[in-house]
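Inspection log for the structure reproduced underneath, given as structure tokens.
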Amino acid sequence: MKKWLAILFVLAVLAVPAYALADGQSAGPVPLDQVFDDSVILPFEFHGYAFMDNSLITFTNGENFKLYRINGRVMIPARLAEKILYYNRTRWYAAAYTTNPAGVLFANGENKVAITVGSKIMKVNGKEAPLSVPARIVDQRIIIPLRDVFNALNLTVCWQNGMLIISKVPIDLSSAQTKEIVEKSKTRLTDFPQDVENKLYPIAAYNGGYYALNSYYDQVGDYINNKLYYYNEGKRELVNLAGDVKNGNFIGSGANVFDYGMAGQSIYYPAKTGSETKLYRLDFATNRSVEICSLSGGDIGWSLYSAGQFRGVIGFGNYTYVVLNTGEGTMGGDDIYRLESNSLTKVGEAKWLNSLTQVGTKLYYTDLDSMGMTENNLYCYDFTKDTQAENIAMNGYTYDVEREKSDSSVTYRCPTDMDGLAVKDGYLYTMLYQENAKKDNRNVVKINTADNSQTVLPIEVNKFWLVSDGIVYVDFSTGKLMKSDFDGQNAKVLVDKKIDLIKAYGDHIYDTVEGEAGIYHTDAVAEKTEKLSNIVVNDILLNQPGCYFINYTYEAGIFKISGSGAVKIADGFVQWYINTDGGILYNKRGSTEMYLAK
Numbered sequence: 097m098k099k100w101l102a103i104l105f106v107l108a109v110l111a112v113p114a115y116a117l118a119d120g121q122s123a124g125p126v127p128l129d130q131v132f133d134d135s136v137i138l139p140f141e142f143h144g145y146a147f148m149d150n151s152l153i154t155f156t157n158g159e160n161f162k163l164y165r166i167n168g169r170v171m172i173p174a175r176l177a178e179k180i181l182y183y184n185r186t187r188w189y190a191a192a193y194t195t196n197p198a199g200v201l202f203a204n205g206e207n208k209v210a211i212t213v214g215s216k217i218m219k220v221n222g223k224e225a226p227l228s229v230p231a232r233i234v235d236q237r238i239i240i241p242l243r244d245v246f247n248a249l250n251l252t253v254c255w256q257n258g259m260l261i262i263s264k265v266p267i268d269l270s271s272a273q274t275k276e277i278v279e280k281s282k283t284r285l286t287d288f289p290q291d292v293e294n295k296l297y298p299i300a301a302y303n304g305g306y307y308a309l310n311s312y313y314d315q316v317g318d319y320i321n322n323k324l325y326y327y328n329e330g331k332r333e334l335v336n337l338a339g340d341v342k343n344g345n346f347i348g349s350g351a352n353v354f355d356y357g358m359a360g361q362s363i364y365y366p367a368k369t370g371s372e373t374k375l376y377r378l379d380f381a382t383n384r385s386v387e388i389c390s391l392s393g394g395d396i397g398w399s400l401y402s403a404g405q406f407r408g409v410i411g412f413g414n415y416t417y418v419v420l421n422t423g424e425g426t427m428g429g430d431d432i433y434r435l436e437s438n439s440l441t442k443v444g445e446a447k448w449l450n451s452l453t454q455v456g457t458k459l460y461y462t463d464l465d466s467m468g469m470t471e472n473n474l475y476c477y478d479f480t481k482d483t484q485a486e487n488i489a490m491n492g493y494t495y496d497v498e499r500e501k502s503d504s505s506v507t508y509r510c511p512t513d514m515d516g517l518a519v520k521d522g523y524l525y526t527m528l529y530q531e532n533a534k535k536d537n538r539n540v541v542k543i544n545t546a547d548n549s550q551t552v553l554p555i556e557v558n559k560f561w562l563v564s565d566g567i568v569y570v571d572f573s574t575g576k577l578m579k580s581d582f583d584g585q586n587a588k589v590l591v592d593k594k595i596d597l598i599k600a601y602g603d604h605i606y607d608t609v610e611g612e613a614g615i616y617h618t619d620a621v622a623e624k625t626e627k628l629s630n631i632v633v634n635d636i637l638l639n640q641p642g643c644y645f646i647n648y649t650y651e652a653g654i655f656k657i658s659g660s661g662a663v664k665i666a667d668g669f670v671q672w673y674i675n676t677d678g679g680i681l682y683n684k685r686g687s688t689e690m691y692l693a694k
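694 is the number that this note's numbering gives the last residue of the sequence shown; the numbers go up by one with no jumps.
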């Protein structure tokens with residue numbers, strides 16, 4: 097369940113010289129807040145932190161990327177220039193070469209800009225253009241004249257108050273919005289907190305308090321130790337966990353895809369007892385662990401330290417399922433077990449479990465094969481039959497997977513920010529596409545769970561959600577927020593802009609749009625939309641108390657929607673966080689503490 101960088105000083109923006117590659121630019125300067133997502137901001141005294149692509153970017157060994165001032169000109173390492181171009185989504189790529197003579201080649205399709213070390217001439221698509229100072233090698237790194245090169249790539253460069261700004265359009269440095277962003281960015285990036293070791297990681301919130309995990313390396317014993325604490329009313333209690341939880345992928349380690357092993361008011365976790373691996377349940381009400389069953393005995397044969405990942409536990413009403421990963425890499429897979437009367441019964445298997453849901457006496461799930469053999473990946477297990485799950489996919493179709501083809505590769509992803517398998521009135525809804533189709537278009541398919549018959553609906557989606565009176569979705573072609581009835585008919589536009597981030601909670605949709613800061617709320621039933629804030633949004637979190645969002649820029653912190661606006665409830669660069677019905681449980685950079693933002 098994330099990007100980052102930005103730049104500024106005090107000179108006016110120079111016009112792009114005639115030798116720059118042609119591209120459309122706005123007629124005049126604009127305030128920085130209007131183009132922040134397409135700009136890069138970093139201090140001249142660069143220490144590895146910058147704002148890029150609407151978020152914070154950190155560079156390890158930041159001294160390797162420092163800027164230089166030589167003969168009155170600012171020089172930038174070629175590697176940093178490459179990163180700026182990447183995060184600024186310019187489609188320019190850079191390659192440094194050390195052959196004699198050394199240099200840097202920037203390429204964007206047929207467009208090329210070549211710089212040679214020691215030369216005051218660069219070549220722009222083969223034509224010579226002057227450089228104010230030649231590129232050179234300093235500390236074994238190629239550095240190039242900042243303004244000359246970025247202007248040639250049709251980007252603007254300006255400075256304000258010691259901060260560098262690189263953007264696709266000229267910036268209005270006299271704007272109050274620009275000045276405010278520059279000052280806040282400078283404070284954030286120059287006083288950036290150093291991180292600390294032995295951090296606490298959020299696990300769960302319960303009864304006004306919260307659970308946090310301290311996972312650290314014990315140099316004396318040469319193992320990873322895990323300690324779980326419960327915090328409430330300023331007091332800390334060490335939770336006595338049954339079994340040996342050293343070294344294993346314990347709760348909260350990132351391995352468990354299903355709520356970190358949580359089901360209801362408890363946490364499930366694997367631990368060693370002698371040579372045997374067992375499943376335990378920590379009851380929140382008593383803070384005591386109870387042994388559930390063996391994971392290594394009988395036909396299961398799963399070991400905490402060697403078999404694979406503990407994928408987690410998920411519950412549907414009175415039914416609980418345990419997912420165990422076995423094997424390694426492409427040779428491994430997930431086994432799905434039903435937990436009943438303190439014993440496990442295998443009900444299905446998957447290459448990598450994607451989504452899981454239950455309808456009556458039927459369990460449905462999808463998987464993703466990392467080798468690209470993704471089709472025919474929808475399964476159903478019927479409790480009333482004495483068999484394991486059967487494949488119910490239409491032949492040649494891939495379900496609940498996002499595919500993106502390019503000229504050189506194919507990318508497959510599990511959908512996020514939505515229920516991959518959504519249920520309404522006895523029908524199951526999911527996305528699908530035909531594997532041998534040239535396009536990546538995904539339709540919604542409606543499945544009658546009584547007989548598993550399937551109907552492909554006439555709407556093509558990037559994501560979708562079920563609301564009280566229909567289907568809300570992001571249109572595959574336009575990126576706009578749309579709504580149809582449950583049969584995919586009578587489609588209409590709800591938000592006539594291209595959607596970026598989006599989350600849904602009941603009948604309420606919260607989203608951001610591309611190229612614009614801020615968050616929108618749409619009542620999907622009333623079909624009304626309002627903008628709630630102009631603050632940059634990097635993640636949206638919805639729960640029973642309300643809507644929250646995370647900011648990783650000059651306004652770093654957690655905000656909560658209150659009425660028709662946003663209120664900041666936590667400051668700082670949030671790192672690990674989980675969404676709970678008690679609020680947002682998180683840690684942040686520079687602190688060993690855990691916090692609960694309500």
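The beta carbon of each residue, even a glycine, is placed where N, CA and C say it ideally should be.
If we ignore side chains and look at the alpha-carbon of each, how far apart do residue i and residue j end up?
i: Leu249; j: Lys223; result: 14 angstroms
i: Ile567; j: Val131; result: 33 angstroms
i: Leu681; j: Thr625; result: 29 angstroms
i: Ile172; j: Leu260; result: 11 angstroms
i: Lys559; j: Val570; result: 5 angstroms
i: Ile674; j: Lys664; result: 18 angstroms
i: Asn421; j: Pro226; result: 59 angstroms
i: Trp398; j: Gly468; result: 26 angstroms
i: Ile636; j: Asn221; result: 43 angstroms
i: Val278; j: Gln290; result: 22 angstroms
i: Met490; j: Phe655; result: 44 angstroms
i: Lys442; j: Glu498; result: 28 angstroms
i: Tyr326; j: Leu242; result: 52 angstroms
i: Gly304; j: Asn310; result: 20 angstroms
i: Ile363; j: Leu378; result: 5 angstroms
i: Gly444; j: Gly429; result: 11 angstroms
Give me, in chain order, the residues of the same chain whose beta-carbon lies closer than 8 angstroms to that of residue i; leave out the 5 immediate sequence neighbours on both sides.
i: Val213; result: Pro197, Ala198, Gly199, Pro230, Ala231, Arg232, Ile233 and Ile238
i: Thr706; result: Absent from the model: residue 706. The displayed extent of the chain is 97 to 694, so no value can be given.
i: Thr156; result: Gly144
If residue i sits next to residue j, beta carbons under 8 angstroms apart, how far is it from one beta carbon to the other, in whole angstroms?
i: Leu435; j: Val418; result: 5 angstroms
i: Arg702; j: Ser228; result: Past the edges of the chain, shown from 97 to 694, lies residue 702, and the structure says nothing about it.
i: Thr526; j: Tyr495; result: 5 angstroms
i: Asp129; j: Ala662; result: Not a contact, Cβ separation roughly 15 angstroms.
i: Ala49; j: Ile605; result: Nothing about residue 49 can be reported from this structure: the residues present for the chain run from 97 to 694 only.
i: Tyr189; j: Ile153; result: That belief does not hold up - the Cβ atoms of Tyr189 and Ile153 are roughly 18 angstroms apart, past 8 angstroms.
i: Trp448; j: Leu459; result: Actually they do not touch by this definition, with Cβ atoms about 17 angstroms apart.
i: Ile396; j: Asn438; result: That belief does not hold up - the Cβ atoms of Ile396 and Asn438 are roughly 13 angstroms apart, past 8 angstroms.
For the ligand GDP, is there any heavy atom lying closer than 7 angstroms to the beta carbon of residue i?
i: Leu638; result: In terms of ligand content, the structure shown is empty, and the ligand GDP therefore cannot be addressed.
State the start and end residues of the unbroken beta strand (DSSP E) segment that holds residue i.
i: Glu141; result: Glu141 -> no beta strand (DSSP E), and no H or E assigned at all.
i: Asn558; result: Ser549 to Val563
i: Ala666; result: Gly661 to Asp667
i: Asp244; result: First-last for Asp244: Leu242 to Ala248, but that is the alpha helix (DSSP H), not the beta strand (DSSP E).
i: Trp672; result: Val670 to Thr676
i: Met218; result: Ile217 to Val220
i: Ala210; result: Asn207 to Thr212
i: Asn539; result: Asn539 to Asn544
i: Thr494; result: Tyr493 to Tyr495
i: Arg685; result: Unbroken run through Arg685: none, as it is neither H nor E.
i: Gln454; result: Leu449 to Val455
i: Ile654; result: Gly653 to Ser658
i: Phe767; result: Lying outside 97 to 694, the shown extent of the chain, residue 767 is not represented and no answer is given.
i: Trp255; result: Thr252 to Gln256
i: Asn310; result: Gly305 to Asp314
By Cβ distance below 7 angstroms, which residues in the same chain neighbour residue i in space, the five residues on each side in sequence not counted?
i: Trp195; result: The sequence shown places Thr at residue 195, rather than the Trp named in the question. Counting only Cβ-Cβ distances below 7 angstroms, and skipping sequence neighbours, we find nothing.
i: Thr688; result: Val292, Asn294, Lys295 and Leu296
i: Gln530; result: Gly492 and Tyr493
i: Lys162; result: Phe142
i: Val353; result: Only weak support is given to the placement of Val353: the predicted model assigns it a pLDDT of 34, under 50, and the question is left unresolved by the model.
Which residues bound the alpha helix (DSSP H) around residue i?
i: Lys179; result: Ala174 to Tyr183
i: Ile261; result: Counting along the chain, Ile261 falls outside any alpha helix (DSSP H), though it belongs to the beta strand (DSSP E) covering Met259 to Ser263.
i: Lys280; result: Ala272 to Thr286
Using a Cβ-Cβ distance cut-off of 8 angstroms, determine whether residue i contacts chain D.
i: Arg243; result: No chain D appears in this structure, which consists of one protein chain only.
So, for residue i: in the same chain, excluding its five sequence neighbours on each side, which residues have a beta-carbon less than 6 angstroms away from its beta-carbon?
i: Pro127; result: Asp268, Ser271, Gln273 and Thr274
i: Ser385; result: Leu337, Ala338, Tyr376 and Leu378
The region 136-152 / the region 200-212 touching (three or more Cβ pairs under 8 angstroms): The region 200-212 and the region 136-152 do not touch, with fewer than three beta-carbon pairs separated by less than 8 angstroms.
The region 588-600 contacting the region 538-556, beta-carbon criterion three pairs below 8 angstroms: The answer is no - the region 538-556 does not touch the region 588-600, with fewer than three Cβ pairs under 8 angstroms.
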